[in-house]
Amino acid sequence: AIPFGIYDLVEAMDNVESASAAGDSYPTTRVLTADGVVSLIGCLMGNPFINAVYIGHPGWKAMGGRIGYSAATGVMVIILSWFGVISLLLAVIPVVAISPILLYIGMLIGAQAFQTTPRSHAPAIVLALTPHLAAWAKTLMDGALGAAGTSAAAIGLDKLGAVGVLYQGMGVMGGGSILTGLVLGAIGVFVIERKLAEAAAFAAAGAVLTYFGFMHGEAVGVGGGAGVTPSVALAYAVVAALLFAFSRVPDAQPETIAGEATAVPAE
3 AIPFGIYDLV EAMDNVESAS AAGDSYPTTR VLTADGVVSL IGCLMGNPFI NAVYIGHPGW
63 KAMGGRIGYS AATGVMVIIL SWFGVISLLL AVIPVVAISP ILLYIGMLIG AQAFQTTPRS
123 HAPAIVLALT PHLAAWAKTL MDGALGAAGT SAAAIGLDKL GAVGVLYQGM GVMGGGSILT
183 GLVLGAIGVF VIERKLAEAA AFAAAGAVLT YFGFMHGEAV GVGGGAGVTP SVALAYAVVA
243 ALLFAFSRVP DAQPETIAGE ATAVPAE
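When you line the sequence shown up against the numbering used here, it's residues 3 to 269, in that order.
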């Protein structure tokens, strides 16, 4: 429940920011409060599903959706739930008929990430995507192995590694992908902007979150006292220390800002 709650919180903030980048600004605190209050009311009434700020605001807006779109969706879900026909629709409508709209939304969200941020931040965006790609690849692999009646443990991690399948690495990289992506992306952005003290702070936060399993782990805990993934937590701590040390060193060669004329030294 804790990882899912963190995921929903971060996703809500991300989607509010996505809406802001698309030209529609909403108060984040009020959105998160409404999200939580409605979810609590639903829980008290026996609903096991929490409310969420759904992804894809730029896509829905580009398709002409306005506030009535959300209202109509809610009314339709209530009607379908009352009459118990959701399972029937899921059985009648094939997944391939629904997937294209999700692909469209994904394309817009992915494009927005690069279009609404400085061009210099592109490497950080790609870095932030890697945990999600690792988690997705591991999910596909687990599904394929499960369908074949086996598992990675049964086959052996060494055998998988021998053919280039880094199963354990994907599990570590993809664990807690939502937080991992945020931390790695933030570190990348601050390194690019040469704000090394801020990058060190995020690396230190990554070390703490990794130690307790919120990142690079499949369960929250302390892993017998040594941390869930101690080697990764130590790596974050080392990176944090190095970045902080570098931040205390004055720049010997200041970077020339694009578009500015380089000063000619006096003779």
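Yeah, the Cβ is synthetic: ideal placement off N, Cα and C, and Gly gets one too.
Values in this document were obtained by computation on a predicted structure and should not be read as measured data.
Quick one: measure Cβ to Cβ for residue i and residue j, integer angstroms, because I've assumed they're closer than 8 Å.
| i | j | result |
| --- | --- | --- |
| LEU271 | PRO60 | Outside the displayed range of the chain (3 to 269) lies residue 271, so it cannot be described from this structure. |
| ALA137 | GLY176 | 3 Å |
| LEU184 | ALA130 | 7 Å |
| ILE69 | LEU181 | That belief does not hold up - the Cβ atoms of ILE69 and LEU181 are roughly 31 Å apart, past 8 Å. |
| TYR28 | VAL18 | 6 Å |
Do residue j and residue i come within 8 Å of each other at the CB atom, strictly closer than that value?
| i | j | result |
| --- | --- | --- |
| ALA54 | ALA23 | no |
| ALA207 | LEU245 | no |
| ALA199 | SER153 | no |
| PRO125 | ILE194 | yes |
| VAL174 | HIS134 | no |
| ILE52 | ASP16 | no |
| ALA235 | THR212 | yes |
| ALA209 | ALA164 | no |
Would you mind working out which of the options sits nearest residue i, comparing C-alpha positions?
| i | options | result |
| --- | --- | --- |
| LEU105 | ASP26, VAL167 and ILE57 | ILE57 |
| GLY215 | THR182, GLY44 and VAL230 | VAL230 |
| GLY187 | MET47, VAL128, ASP37 and LYS63 | VAL128 |
| THR119 | VAL167, SER20 and ALA99 | SER20 |
| MET65 | ALA74, THR30, ILE103 and ILE52 | ILE103 |
| LYS197 | PHE116, PRO252 and SER101 | PRO252 |
| LYS140 | LEU162, ALA202 and GLY112 | LEU162 |
| PHE192 | GLY178, ALA155 and ALA242 | ALA242 |
| SER233 | VAL77, ASP160, ALA203 and GLY171 | GLY171 |
Does the beta carbon of residue i come closer than 8 Å to any beta carbon on chain B?
| i | result |
| --- | --- |
| VAL240 | Here there is only one protein chain, and chain B is not present. |
Requested in this report: Kindly provide the ranges of any alpha helix (DSSP H) runs that are 4 or more residues long and lie completely inside the stretch 193-250, ordered along the chain.
Outcome: 198-213 and 232-249
Requested in this report: At 4 residues or longer, and completely inside the stretch 15-61: list those alpha helix (DSSP H) runs for me, N to C.
Outcome: 30-46
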